[in-house]
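K.L.:
Numbering (this note's numbering), first residue to last: 201 to 311.
A single structure is presented below for examination.
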């Protein structure tokens, strides 16, 4: 989602899939092959789904993901969908503050 990618950037992070933010339809933003994510080796993973909880244990259990920096360093975070997936004030206040705190905490630990 374009605005989520922008929020990550404003908060001090880098979206490791910026090309997907430009996809107009959700279907175009789906990463079907998890090895693509493993190859990009994100330092932080943010999860948010409408009506569902983010389950870090499910992420850790995916084949090959034990080698991902975010998994190795326990940098798997849920941000409630109402605070990031809906454009508007919540994303610009609560959502961006959470992302910023996560990025800053990571920066302090990993420099």
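Cβ atoms here follow ideal geometry from the backbone N, Cα and C, with glycine treated the same way.
1. Answer yes or no: do residue 285 and residue 201 have a C-beta to C-beta separation smaller than 8 Å?
2. According to DSSP, is residue 206 part of a helix, a strand, or is it coil?
3. Assuming residue 234 and residue 253 form a contact by the criterion Cβ under 8 Å, report the distance between their Cβ atoms to the nearest whole angstrom.
4. Grouping DSSP H, G and I as helix and E and B as strand, with all else coil, what is residue 223?
5. Between the alpha carbons of residue 276 and residue 212, how many angstroms are there, rounded?
6. Grouping DSSP H, G and I as helix and E and B as strand, with all else coil, what is residue 276?
7. Taking C-alpha atoms, which residue in 298, 224, 227 lies nearest to residue 210?
8. Name the DSSP bridge partner or partners of residue 249?
P.N.:
According to the structure data:
1. yes
2. In the three-state scheme derived from DSSP, where H, G and I count as helix and E and B as strand, residue 206 is classed as helix.
3. Between residue 253 and residue 234 the Cβ distance is about 19 Å, and since that is not below 8 Å, they are no contact.
4. coil
5. 17 Å
6. The three-state reading of DSSP puts residue 276 in strand, counting E and B together.
7. 298
8. Bridge partners of residue 249 according to DSSP: 252.
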